[in-house]
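Working notes, beginning with the structure itself.
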Amino acid sequence: MSEERFALRRRQDRRRRLLRWLGGVLGVAAVVGLVWVIWFSDVLGVRTVQVEGLSTLKPDQVRAVADLTPGTPLARVDTSAAAARVARLERVEHVEVERSWPRTVTVVVTERTAVAWTRVDGQIRALDRFGVDFRTLSKEPKGLVEVATTATEPRQRQLALVAAASVVSRLRADAPSLMKLVQSVDAPSRDAVTLDLTKGRTVTWGSAAKPEQKVRVLEALLRIDATGYDVSAPEQPTTRQ
12 MSEERFALRR RQDRRRRLLR WLGGVLGVAA VVGLVWVIWF SDVLGVRTVQ
62 VEGLSTLKPD QVRAVADLTP GTPLARVDTS AAAARVARLE RVEHVEVERS
112 WPRTVTVVVT ERTAVAWTRV DGQIRALDRF GVDFRTLSKE PKGLVEVATT
162 ATEPRQRQLA LVAAASVVSR LRADAPSLMK LVQSVDAPSR DAVTLDLTKG
212 RTVTWGSAAK PEQKVRVLEA LLRIDATGYD VSAPEQPTTR Q
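Quick note on the numbering used here: the sequence shown kicks off at 12 and runs consecutively.
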């Protein structure tokens, strides 16, 4: 190989090494730049907090509680923490916080829905399907029944409300014609739910267990003229004249 050809090859090798080096440097720079844009700059920062699914709450209420600082890089938004803050609103049953690239955070809220009402310290409070009282009402709501409990110990009271609300929720969903007969619900304990029906009739429902079976049995029993019906043990129902 002549000296000229050897020198040419050496120059070509150096050029290739230089190009590879430059390519590597540019690649690293691109990665660093991308990381900076995503994680540290406000180029992809929060511009909009979009709130969906509301019925009684106001979007600004949710935004204030979510506490998402404008300009925070979207990748660094702690969606779990924001969701936990929104979930503290008593009217919120479920919430999801999602990143919507490039500059939006979407907060999807499911509000609690009243299935009944109860009295708490003299106030009329809406009661959801989980037995949570979540909203103060100005008057007794039409279309909803009262759930009363004589339990005074906080945990026992809550368990009683949970059971009663579960019963009412199932009746509203699965047996609306039967639910229309219910005037009020008493729940001294979680295992002693009683339905007060029209015409002075009462139903001893018992616990919230076996709702489908109890509905079927009660619908059959109501064909009997009686003042009391007991479906707490649906396998052995009874009536009282």
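For every residue, glycine included, the Cβ atom is placed at its ideal position computed from N, Cα and C.
Residue pairing of residue 111 in beta bridges, as defined by DSSP: 115. Three or more Cβ pairs closer than 8 angstroms define a contact, and the segment 136-155 falls short of that threshold against the segment 72-85.
For the pair residue 170 and residue 201, the CB atoms are nearer than the 8 angstroms cut-off. Counting of Cβ neighbours within 10 angstroms places residue 59 among the exposed residues, the total staying below 16.
Setting aside the 5 residues that flank it on each side, residue 61 is surrounded in the same chain by 111, 115, 116, 117, 118, each with a C-beta closer than 8 angstroms to its C-beta; the list follows chain order.
Within its own chain, the residues whose Cβ lies closer than 8 angstroms to the Cβ of residue 157, once the five positions on either side in sequence are excluded, are 127, 128, 129, 130, 151, 195, 196, listed in chain order. The residue from 166, 95, 234, 247 with its alpha-carbon nearest to that of residue 199 is 166. In the structure shown, residue 195 adopts extended strand secondary structure according to DSSP, grouped into three states.
By DSSP's assignment, residue 130 forms a beta bridge with 135. Between the beta-carbon of residue 237 and that of residue 251 there is about 6 angstroms, and that keeps the pair under the 8 angstroms contact cut. The alpha carbon of residue 217 has as its nearest neighbour, out of 240, 89, 162, 209, the alpha carbon of 240. In this structure, DSSP gives residue 186 a state outside helix and strand, which the three-state scheme calls coil. The C-beta distance from residue 242 to residue 225 rounds to 4 angstroms, short enough to fall under 8 angstroms.
If you draw a straight line from the Cα of residue 94 to the Cα of residue 74, it comes to about 11 angstroms.
Under DSSP, residue 146 shares a beta bridge with 137. If you draw a 10 Å sphere on the C-beta of residue 81, you find fewer than 16 other C-beta atoms in it, and that means exposed.
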